[in-house]
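Heads up, the thing below is written out as structure tokens.
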């Protein structure tokens, strides 16, 4: 598994405010939230970037978004609206090279983002 901070969280080697986990996915609150709700949803499988997703990963990536939808409902932001984001590589703002979906909501989000 990935030796990134997210890999360590997925293995239980590092503390995080975990809001969901199952055999394939872990979701936890972002330490530097950009919205009242800011949850990171990661696969336990180490996939560095969106560019590294293979056809075999299609169901897993789909599950990341199913979990995002579920968490949005649980957090009470589904009806008002929320954003999901995957940054891919440095120019897009990816800082941890373990695929992750940002779930953001709880306030009006602007487009384009800052």
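Numbering (full-length UniProt numbering), first residue to last: 1 to 114.
Glycine is no exception: its CB is placed at the ideal position from the N, C-alpha and C atoms.
May I have the straight-line CA-CA distance separating residue 11 from residue 27, to the nearest angstrom?
Stepping through the chain shown from its first residue, residue 11 is reached at position 11. Stepping through the chain shown from its first residue, residue 27 is reached at position 27. The straight-line gap from Cα to Cα measures roughly 13 Å.
Leaving out the 5 sequence neighbours to the left and right, which residues in its chain are closer than 6 Å to residue 68 when beta-carbon positions are compared?
By one-based count along the chain shown, residue 68 stands at place 68. Result list for residue 68: 41, 84, 101 and 103, in chain order.
Judging by CA-CA distance, which residue of 96, 14, 6 and 87 is the nearest neighbour of residue 113?
On the chain shown, residue 113 is found 113 positions in, with the first residue counted as 1. Answer by Cα proximity: 87.
From residue 14 to residue 5, what distance separates their C-alpha atoms?
Translated into the one-based positions of the chain shown, residue 14 becomes position 14. Translated into the one-based positions of the chain shown, residue 5 becomes position 5. So the two alpha carbons sit approximately 8 Å from each other.
Between the C-alpha atoms of residue 115 and residue 64, what's the straight-line distance to the nearest angstrom?
Limits of the chain in this structure are 1 at one end and 114 at the other, which puts residue 115 out of reach.
Would you report the Cα separation of residue 21 and residue 71, rounded to the nearest angstrom?
In the chain shown, the residue the question calls residue 21 occupies position 21. In the chain shown, the residue the question calls residue 71 occupies position 71. Roughly 11 Å between the two C-alpha positions.
If we count the other Cβ atoms within 10 Å of its Cβ and call it buried at 16 or more, is residue 99 buried or exposed?
Working through the chain shown from its first residue, we reach residue 99 at position 99. By the neighbour-count rule (16 or more Cβ atoms within 10 Å), residue 99 is buried.
Less than 8 Å between the CB atoms is what I'm expecting for residue 81 and residue 36, so what's the real figure, rounded?
Stepping through the chain shown from its first residue, residue 81 is reached at position 81. Stepping through the chain shown from its first residue, residue 36 is reached at position 36. Not confirmed; about 13 Å, so no contact.
Using DSSP with H/G/I as helix, E/B as strand and the rest coil, what is residue 70?
Within the chain shown, numbered from 1, the residue matching residue 70 stands at position 70. DSSP places residue 70 in helix when its eight states are reduced to three.
Considering only DSSP beta bridges, list what residue 21 is partnered with.
Along the chain shown, read from residue 1 onward, the residue named residue 21 stands at position 21. DSSP, once it has assigned bridges, lists 26 as partnering residue 21.
Along the beta strand (DSSP E) that carries residue 5, what are the first and last residues, could you check?
As a position in the chain shown, residue 5 is number 5, starting the count at 1. Per DSSP, residue 5 belongs to no beta strand (DSSP E); it is in the alpha helix (DSSP H), 5 to 10.
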